[in-house]
Each structure stands twice: as structure tokens, then as C-alpha cells.
Amino acid sequence: MSDHALEGTEPTPQSGPVPHESAVQHVTGRAEYIDDSPEPAGMLHGALGLAAIACGRIVAMELGPVRAAPGVVEVITAADIPGRNDVSMPGVDDDPLLAEGRIHYHGQPVFMVVATDRTLARRAARLARIEYQAEPPILTIDEARARGARLVAPDLQLQRGDPAAALARAPRRLGGRAAVGGQEHFYLEGQVAAAFPREADEVLIHSASQHPAEVQEIVARVLGLPENGVAVQVRRMGGGFGGKESQPAIFAALAAVAARRLGLPVKLRPDRDDDMIVTGKRHEFAADYEVGFDETGRIAAVDVTLASRCGYSADLSRGVADRAVMHVDNAYYYPAVRARSQPLFTNTVSNTAFRGYGGPQGIGLAERWIEDIAYTLGLDPLEVRKRNLYGEGERSLTPYHQPVTDNIMPRVIEELERTSDYQRRRAEIIAFNAQSEFTKRGLSLIPVKFGIAYSAVFMNQGAALVSLYRDGSVHVNHGGTEMGQGIHTKMIQIAAAELGLPLSRIRVTATATDKVPNSVPTSGSLGTDLNGMAVVDALRKLKARLAAVVCPEDPAAVRFEGGQVVGPDGAAPLAEVCDRAWKARVPLSATGFYKTPQVHWDRAAGRGSPYLYFTYGASCSEVEVDTLTGEYTVLRTDILQDVGHSINRGIDLGQIEGGFMQGLGWVTTEELWWDDKGRLRTHAPSTYKIPLASDRPRVLNIALADWSVNAAPTVMRSKAVGEPPVMLALSVAGALAMACASVAGYALPPRLDLPATPERVLAEIERLRAAALREAPMEAAQ
């Protein structure tokens with residue numbers, strides 16, 4: 046089919062509220078996850094033996110006590126891997142499944158114990174005696190820079206205009222460094238895989254994975270099998286957030302090696318502590334920037350380098366670093382700009398995808414210099430934001446030279462500014478701060494523009510297999526994976542609208558590599574965009590076949606509605622037509638395929654149109670801060686988010702609220718901390734603080750921009766909704782910055798790095814107070 050074959054004629058989704066397809070199973074405990082599945086006789090359990098240093102060599106390893114421990118059946122080391130000891134991205138070869146000689150980070154898997162019981166396996170894993178020759182690790186961005194520790198991927202540079210000349214001409218200039226911390230995925234269901242040996246050396250993997258095709262590829266590589274010898278199934282996950290895109294291959298491959306070696310099923314579900322130590326996080330970034338602007342706050346030039354702590358292997362770091370650079374404009378036009386990535390090697394776990402995939406870091410850093418400008422000039426940051434929004438003509442060009450042609454951000458901001466009563470509340474907060482000695486409040490309204498598509502153009506594809514049965518019921522299988530975000534529900538709605546059937550007549554089956562091969566990951570908020578269009582393609586093929594059965598002379602005259610197939614000679618139930626088609630030897634299954642049109646990207650040149658469209662949103666948050674302790678409360682948040690034509694309003698609102706809360710954790714409480722030996726110390730719920738129910742804003746208002754129409758050819762003219770809401774939490778960081786700035790009369794730019802923990806808020810308040818006191822005598826003297 047052509048790129049544009051699915052444009053137009055979009056059906057309307059099922060009217061009224063449509064619950065998540067597994068909602069009842071979730072709340073009753075009947076939704077089956079891998080660790081809930083009945084275990085077959087003889088199933089064994091794995092546990093990981095982890096490295097005790099961050100950098101160095103293994104000198105000697107004594108595993109005799111491990112093998113002799115109760116319940117132990119086998120101990121797997123790198124020497125036992127039948128294929129390649131490599132779970133890296135294709136063509137990179139930098140990520141061993143099990144350490145082999147060298148150790149690259151504290152907690153790196155060195156061996157796996159296989160035992161009759163998970164608890165016995167874990168106990169045995171602690172009995173290993175390993176001697177190391179330790180070396181000084183590289184742990185921070187500054188250390189990596191000083192030692193020239195770069196990853197293999199070349200840096201990305203975006204440039205438009207002459208930023209050096211524009212900076213030199215600018216009436217005002219400022220610069221600085223801003224830091225944005227990482228984040229643990231903290232999915233409710235941890236990493237888990239179960240491997241089942243089959244005949245002829247084949248293996249079946251049940252994996253909690255957002256990317257079953259990659260698990261298939263890597264397991265085949267590790268086992269030394271062709272990919273058709275490995276089948277991967279994913280029914281559902283208890284959360285993913287990017288942490289189950291590349292990382293599940295580690296656990297699936299280890300379980301598969303043991304299962305094939307022993308001829309028995311093997312499950313590997315690490316303890317939460319081990320999970321957090323072994324798996325990658327959101328990337329930490331540090332930006333060195335210089336900005337030129339005029340007295341009104343309008344930006345003339347931006348020059349920024351975004352360094353990221355990537356860990357010991359490439360993983361998905363190049364893509365994350367690229368996307369951060371490509372979102373460092375947020376919603377703002379820079380007349381001259383240079384933005385560069387700098388992905389750095391460190392002796393820490395290899396960081397990976399996380400909801401937003403670099404976008405939150407880039408946008409968060411952009412908001413830093415917006416606020417720097419505002420407080421330097423004594424302006425409301427919202428005014429500076431509005432003065433720098435993308436516009437028409439030349440002012441629509443992004444740093445990567447893609448024009449912003451569907452810009453609705455001015456309307457989004459205007460509507461939220463009005464509905465949140467921003468101006469009145471800001472005036473009241475300034476008055477409150479003037480008379481309140483120890484408690485300060487802040488208010489911030491920020492926009493978020495987010496690009497939708499993979500910049501790796503080949504990944505913009507989706508596939509599906511749809512089967513009609515003789516009774517008129519439907520099975521849909523597609524390449525996307527369900528992790529709670531409701532993709533299967535939307536696929537059911539899309540199929541129901543296309544066929545004119547009740548939702549109850551359609552089921553979505555487990556994602557499986559032997560049904561839909563070579564799928565791309567469910568990430569980037571693209572699951573519905575890609576797979577939904579593929580489902581529509583398959584259904585339209587089936588509809589064409591049935592229409593030819595009903596009316597061979599004029600198939601185009603046939604309609605599908607109300608569970609009926611309506612032709613010129615009358616209507617018949619879909620079941621009756623399917624039975625007629627089967628008896629006429631017409632195939633009742635079809636594959637569907639979709640490739641995103643209009644996207645192209647030249648990374649070397651830093652130019653192209655990597656995104657099919659943009660989503661637009663804005664949030665306004667108010668906080669109250671105790672200046673004696675740094676502790677704070679989010680009093681209210683108002684959100685307006687563009688989702689195009691919503692396929693499922695309830696699911697979309699849930700994604701916005703969940704995304705905002707996860708973003709709130711990222712910008713406030715979730716702090717990763719490694720000690721000077723490279724040991725992750727925030728590796729459990731006791732030491733790592735995700736938001737609690739009590740951290741939710743006391744008032745939370747969420748609205749959809751129902752008037753938005755997606756001009757791009759997406760399924761039902763919908764827009765992506767999974768990732769953009771994460772960045773809306775940056776309004777909380779902006780509100781905290783205003784509260785801090787109030788102690789210095791709003792005259793000094795706050796330097797509040799993320800996460801803005803109470804400790805950081807308190808330190809920034811003290812810094813600003815001291816700076817204000819230093820400047821006061823100088824002003825008096827003048």
C-alpha cells in the first residue's frame with residue numbers, strides 16, 4: 046500500500062466511555078503476568094551473581110561453594126554461553142551478557158545460579174568467592190570529560206545561522222551550567238523472563254518486554270540459533286516506561302541459556318534491589334550554555350553542549366542524546382543556534398530508554414535559560430516564554446530545519462492562562478510572599494512541544510495480523526505490547542469502528558514474534574500510531590474481500606455497520622457473510638503494514654524532518670515552600686494537553702495524569718546516588734523515593750484540547766499521549782524556582798538543578814539570600 050493509502054475516511058471510535066480491556070482482570074487479580082502463570086513441573090529458578098567492584102579485572106573466581114549449596118542444579122558463566130556473549134545493540138558488540146575478565150560497573154552480572162527454588166538460588170549466589178584487581182572508576186560527567194571517556198557514537202550537532210556572531214551582537218548575554226538528574230523506572234512488575242525448551246533446539250520465551258523482536262534477536266545470538274528458533278510472547282507488563290525496551294534481553298537470554306543447557310523450563314525474576322542495580326536509568330545530563338537576548342527577553346542566539354552520563358555501553362544512549370538535543374528548543378524559536386550532544390562513558394550501569402527518551406532533559410534545560418533571562422530582566426517568565434514561541438515563516442524553523450507547521454501553542458497557552466486564572470493568582474502570590482517571612486509560594490506556566498516519530502527512519506513501521514472467524518468474531522494481533530497504557534483497548538476500538546462491530550466481538554491476542562515478526566519497540570508514544578494504522582490496513586483488505594463476495598459487480602457500494610454487511614441488495618450479518626466467504630474459499634485473515642510518511646533525517650548534517658507531527662501541551666503549577674526546611678507542597682496543577690482526536694478519552698486522561706506524576710517524581714523526589722566506589726545506594730524503595738499519593742497536587746485539573754485537529758495522517762486523526770505529559774511536571778520546578786527567587790526580590794536567577802529535592806531547594810534559598818545580602822551594600826554605596 047502507498048504511504049497515504051489510509052488518509053481520510055477515518056471512522057469514529059466507539060462513543061461513550063470504553064474501559065481498559067483488562068481493567069476487570071487488573072482489579073480482581075485475574076490479569077496474568079509472567080510470574081503469575083502456573084509453573085510447569087520441573088521449572089527451575091535463576092539468581093544473579095553480581096560484581097563487587099565498579100572497574101577492574103577478575104583475578105580468580107571460586108564457585109565451588111555455590112554449586113554445593115542446597116537446591117543448586119547449575120551455575121552458568123560466560124564460558125557456558127553457546128553463541129555470542131553479547132546483548133548489545135546490533136553492530137556495537139560492547140555489552141557482554143556475563144562479565145568475562147573485565148568488570149565495567151558495580152553489580153555487573155558475573156554468573157547465574159540455577160536452583161529448584163528462587164530463594165535457594167539467591168542464597169547460593171552470595172557464596173561465590175571472587176578476587177578482583179580494582180581500578181579507579183569513572184563515575185561522573187566531569188570525570189568522564191577530564192579523561193576523554195567518550196562512547197563510540199559520533200556527537201550530533203544542530204546548527205542554524207551563526208550563533209557566535211549573534212551572541213556577539215546581542216544586547217545581553219548570560220551563561221551557565223544546568224544539571225538534570227536521572228530516574229529509576231520503578232515499574233510495578235520487575236524484570237522477568239521464563240524460557241521453555243522445545244524440540245529441535247527451539248526455545249519459547251515469555252518476556253516482560255517492550256521489544257519482543259529484539260529479545261528474539263538477542264536470545265538467538267546468545268544461543269547460536271537462527272531467529273526462527275526462538276519465539277517470544279508478551280501478554281502484558283506491569284509497567285515499562287522504556288526500562289523494558291532493551292534491558293529485558295539480559296534476563297531472557299540468561300533464562301534461555303539455562304533452559305537449553307538443562308532441558309527444563311527456567312524463570313529468572315531478580316529481586317528488586319538486583320533489578321535496580323543491574324538495569325539502566327534515565328540519563329543524567331549537564332548542559333553548558335550561553336544565550337544572547339535583548340531587553341524584552343527575546344532570544345537572539347543559543348549555544349549549548351549537552352553532556353550525558355551513559356554508563357559503560359552504548360545501549361540506546363545515542364538516540365537519547367540525539368533526542369535531547371533535538372528538544373532543547375522546546376516551544377521556542379532561536380534565530381541562531383548551535384546544540385551539541387556529548388554522550389560519555391562511565392563505570393555505571395548502562396543507561397537506557399525512559400519515557401520521553403531525552404526529550405524531558407532537553408526541554409528541562411531549555412526552561413533553565415528562559416527563567417535565567419526572565420529573572421535577570423525582572424520579567425514574568427511566562428512573558429519571556431510567549432515572546433519566544435515559534436511563529437510563521439522563518440520563525441517556524443527548528444534547529445534541525447524542520448518547520449513547525451501545525452503550531453497551536455499560542456492558543457494552548459492562552460486558554461490555560463485563562464482557565465488557571467494565572468495572572469490573578471500570580472499577583473496574589475507576590476503579595477503573599479511580601480508579607481510571609483518563612484513560607485513562600487511560587488507559580489509557573491510552561492509549554493511543552495514534543496516531536497512524534499523515530500528519528501531512525503527505518504523504525505517508523507508497524508504490522509498486524511487480523512483473523513476473521515466464521516461466526517463474525519475477530520482476533521487482532523499486532524506488533525505493539527501492552528504495559529498498562531491501553532494499546533490493546535485502542536486496537537479493539539479501531540477494529541470495531543472499522544468493521545462496525547460491538548467491542549465484545551473483538552479480542553487482541555498476546556504479542557508474539559511468530560505471528561507478527563520484525564516488530565519495532567512499543568516506545569516513543571508511537572504504539573497506537575504505527576500498529577493502529579497496520580490494523581486498519583489489514584481490516585480494509587478483509588473488507589474488500591468480503592465486499593466482493595456480497596457484491597462482485599460493485600464492491601465499493603458495500604458498507605460495514607451495526608454488525609451487518611450492507612450491500613445494494615440488503616443487509617446480512619457479518620457472521621453470515623464470513624461463512625459464505627469461507628465456503629467460497631476466500632481467505633479470512635490478512636496482514637497489515639504501515640510506514641510513516643513524510644519523515645526523513647540526515648544525522649550527519651543535522652537536518653531533516655524527523656517528526657511526523659508535534660504535540661502541544663501546557664501546565665500551570667503552584668507550590669508552597671517552607672524556607673526553613675526546604676520542604677514543599679504542590680497546591681494546584683492545571684494541565685491542557687493536545688491529543689488530536691482522542692480515541693479513548695479515559696485512557697488518554699489517565700496517561701496524562703500518570704505521566705505528570707512520573708515527571709513530578711523526576712523533577713522533585715527521585716534522586717539516584719552512587720558512592721565514590723561506584724555503588725548505587727538508592728537501590729530499593731527504602732532509599733529511592735517515588736511520589737506518594739500525598740505528593741499529588743491538592744488540586745489537579747486536566748483538560749484535553751478538544752478543538753485540536755491533527756493534520757498528519759494518523760489513525761482516527763489521534764495524537765500520541767504517552768510521553769508528552771512527563772514534561773508538564775516542569776511547571777512544578779518553575780514554581781519552586783519562583784518561590785526560591787522571592788527571597789532575593791525576584792532579582793537573581795535561581796540555579797535549581799533537578800531533581801529539586803528539599804535539600805536542593807533549601808540550599809538554593811540560602812544561596813540567593815546570601816547573594817542578595819552581598820548585593821545590597823553595593824547598591825547602597827552606589
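According to the numbering used here, the sequence shown is numbered sequentially starting from 46.
Yeah, the Cβ is synthetic: ideal placement off N, Cα and C, and Gly gets one too.
A quick note: this is a predicted structure, and the numbers were derived from the prediction, not measured.
Worksheet entry | the stretch 328-344 / the stretch 410-425 touching (three or more Cβ pairs under 8 Å) | yes
Worksheet item: If you compare alpha carbons, which of Glu715, Pro770, Pro600, Ser570 is closest to Ala663?
Response: By one-based count along the sequence shown, residue 663 stands at place 618. That would be Pro770, whose Cα lies nearest to the Cα of Ala663.
Worksheet entry | Bridge partner(s) assigned by DSSP for Tyr378 | In the sequence shown, counting from the first residue as 1, residue 378 sits at position 333. None, per the DSSP bridge assignment.
Item to complete: Specify whether the stretch 62-75 and the stretch 521-540 touch according to this definition: at least 3 beta carbon pairs, one from each stretch, less than 8 Å apart.
Response: yes
Worksheet item: Which of helix, strand or coil does DSSP assign to His523?
Response: Your numbering for residue 523 matches position 478 in the sequence shown. Looking at His523 - three-state DSSP - the assignment turns out to be strand.
Worksheet item: From Gly87 to Ala301, what distance separates their C-alpha atoms?
Response: The count along the sequence shown starts at 1 and reaches residue 87 at position 42. The count along the sequence shown starts at 1 and reaches residue 301 at position 256. If I take the Cα positions, the gap works out to 15 Å.
Practice prompt. Determine the burial state of Ala384: buried for a count of at least 16 other Cβ atoms within 10 Å of its Cβ, exposed for fewer.
Written response: Taking the sequence shown and counting its residues from 1, one reaches residue 384 at position 339. Classification for Ala384: buried.
Worksheet item: Can you give the beta carbon distance from Thr484 to Glu676, rounded, assuming they're within the 8 Å contact cut?
Response: Residue mapping note: residue 484 aligns to position 439 of the sequence shown, counting from 1. Residue mapping note: residue 676 aligns to position 631 of the sequence shown, counting from 1. In fact, because the Cβ distance is near 11 Å, the residues do not count as touching under 8 Å.
Worksheet item: How is the alpha helix (DSSP H) around Trp752 delimited, first residue to last?
Response: Counted from its first residue, the sequence shown places residue 752 at position 707. Element bounds for Trp752: n/a, residue is neither H nor E.
Fill in: Nearest candidate by alpha-carbon position, reference Cys785, set Asp671, Ala729, Glu702, Phe399
Taking the sequence shown and counting its residues from 1, one reaches residue 785 at position 740. If we check each option's Cα against that of Cys785, Asp671 comes out closest.
Worksheet entry | Residues near Val594 in its chain [Cβ-Cβ closer than 7 Å; skip 5 each side] | As a first step, residue 594 must be located in the sequence shown, where it is residue number 549. Counting only Cβ-Cβ distances below 7 Å, and skipping sequence neighbours, we find Val622, Arg625, Ala626, Ala629, Val631.
Discussion item. Cutting at 6 Å between CB atoms, please list the residues of its own chain near Tyr378, excluding the five before and the five after it.
Written reply: Counted from its first residue, the sequence shown places residue 378 at position 333. These residues qualify, in order along the chain: Tyr435, Arg440.
Discussion item. Please tell me whether Ile497 and Asp687 are closer than 8 Å, where the distance is taken between their beta carbons.
Written reply: Position 452 of the sequence shown, counted from the start, is the residue given in the question as residue 497. Position 642 of the sequence shown, counted from the start, is the residue given in the question as residue 687. Not closer than 8 Å, so no.
Discussion item. Only counting the same chain, and skipping five residues up and downstream in sequence, which positions put a Cβ closer than 6 Å to that of Arg205?
Written reply: Locating residue 205 in the sequence shown gives position 160, where the first residue counts as 1. Same-chain partners within the cutoff: Val382, Pro444.
Worksheet item: Among Ala509, Glu527, Pro736, Arg743, which one has its Cα closest to the Cα of Ser634?
Response: As a first step, residue 634 is located in the sequence shown; it is residue number 589 there, counting from the start. Comparing Cα-Cα distances from Ser634 to each of Ala509, Glu527, Pro736, Arg743, the minimum goes to Ala509.
Discussion item. Tell me which residues share the same chain as His372 and place their Cβ nearer than 6 Å to its Cβ, disregarding the 5 neighbours each side in the sequence.
Written reply: The residue you call residue 372 lines up with position 327 of the sequence shown. Taken in chain order, the residues that qualify are Gly404, Gly407, Ile408.
Worksheet item: Which term fits His645, buried or exposed, when burial requires 16 or more other beta carbons within 10 angstroms of its beta carbon?
Response: On the sequence shown, residue 645 is found 600 positions in, with the first residue counted as 1. It is exposed - the Cβ of His645 has fewer than 16 other Cβ atoms within 10 Å.
Item to complete: Run through the stretch 726-794 for me and flag every whole beta strand (DSSP E) of 3 or more residues, listed as ranges in chain order.
Response: 744-749
Discussion item. Applying the 10 Å Cβ sphere with the 16-neighbour rule, what's the burial state of Phe399?
Written reply: Taking the sequence shown and counting its residues from 1, the one referred to as residue 399 is at position 354. Buried: at least 16 other Cβ atoms inside 10 Å.
Worksheet item: Would you call the stretch 318-329 and the stretch 267-276 touching, i.e. three or more CB-CB distances under 8 Å?
Response: no
Item to complete: Locate the beta strand (DSSP E) running through Arg222, then write down its first and last residues.
Response: Locating residue 222 in the sequence shown gives position 177, counting from the first residue. That run of the beta strand (DSSP E) goes 217-225.
Worksheet item: Taking Cβ positions, are Ala99 and Tyr150 nearer each other than 8 Å?
Response: Here residue 99 refers to the residue found at position 54 when the sequence shown is read from its first residue. Here residue 150 refers to the residue found at position 105 when the sequence shown is read from its first residue. Yes, Cβ-Cβ distance for Ala99 and Tyr150 is below 8 Å.
Worksheet item: Which stretch, first to last residue, makes up the beta strand (DSSP E) that contains Cys355?
Response: By 1-based counting over the sequence shown, the position of residue 355 is 310. Start and end: 344-356.
Discussion item. Please classify Lys588 as buried or exposed, where buried requires at least 16 neighbouring CB atoms within 10 angstroms.
Written reply: Position 543 of the sequence shown, counted from the start, is the residue given in the question as residue 588. With 16 or more other Cβ atoms within 10 Å, it is buried.
Discussion item. Taking the straight line between their C-alpha atoms, what separation do you get for Thr350 and Asp140?
Written reply: To locate residue 350, count along the sequence shown from 1; it is residue 305. To locate residue 140, count along the sequence shown from 1; it is residue 95. About 27 Å.
Item to complete: Identify whether His65 lies in helix, strand or coil by the three-state DSSP scheme.
Response: In the sequence shown, the residue the question calls residue 65 occupies position 20. Coil, per DSSP.
Worksheet item: Cβ atoms of Gln236 and Gly285: under 8 Å apart, would you say?
Response: The sequence position of residue 285 within the sequence shown is 240, counting from 1. The sequence position of residue 236 within the sequence shown is 191, counting from 1. Not in contact: Gly285 and Gln236 (Cβ atoms no closer than 8 Å).
Fill in: Where Lys586 falls: helix, strand or coil (DSSP)
Numbered from its first residue, the sequence shown carries residue 586 at position 541. Note: Lys586 maps to helix in three-state DSSP.
Worksheet item: Is the Cβ-Cβ distance between Ala184 and Trp719 less than 8 Å?
Response: Residue mapping note: residue 184 aligns to position 139 of the sequence shown, counting from 1. Residue mapping note: residue 719 aligns to position 674 of the sequence shown, counting from 1. For clarity, residue 184 is Leu in the given sequence; the question names Ala instead. Yes, these two residues count as a Cβ contact at 8 Å.
Discussion item. If the criterion is Cβ atoms closer than 8 Å, does the pair Ala166 and Gly91 meet it?
Written reply: Here residue 166 corresponds to residue number 121 of the sequence shown, with the count starting at 1. Here residue 91 corresponds to residue number 46 of the sequence shown, with the count starting at 1. In this structure, Gly91 lies closer than 8 Å to Ala166 by Cβ.
Practice prompt. Quick one: give me the first and last residue of the beta strand (DSSP E) that Arg604 is part of.
Written response: Locating residue 604 in the sequence shown gives position 559, counting from the first residue. Run containing Arg604: 604-606, per the beta strand (DSSP E) assignment.
Worksheet item: How is the beta strand (DSSP E) around Cys665 delimited, first residue to last?
Response: By 1-based counting over the sequence shown, the position of residue 665 is 620. Cys665 -> beta strand (DSSP E) spans 658-671.
Worksheet item: For Ala173, which of helix, strand or coil comes out of DSSP?
Response: Start at 1 with the first residue of the sequence shown, and residue 173 comes out as number 128. Coil, per DSSP.
Worksheet entry | Boundaries (first-last residue) of the alpha helix (DSSP H) holding Leu212 | For the purposes of this step, residue 212 is taken as the residue at position 167 of the sequence shown. 208-214 is the span of the alpha helix (DSSP H), which, as asked, contains Leu212.
Discussion item. Check this for me: beta carbons of Lys640 and Asn755, under 8 Å apart or not?
Written reply: Walking along the sequence shown from the start, residue 640 turns up at place 595. Walking along the sequence shown from the start, residue 755 turns up at place 710. Against a cut-off of 8 Å, the Cβ pair of Asn755 and Lys640 comes out as no contact.
Worksheet item: How is the alpha helix (DSSP H) around Phe477 delimited, first residue to last?
Response: Counted from its first residue, the sequence shown places residue 477 at position 432. First-last of the alpha helix (DSSP H) with Phe477: 467-480.
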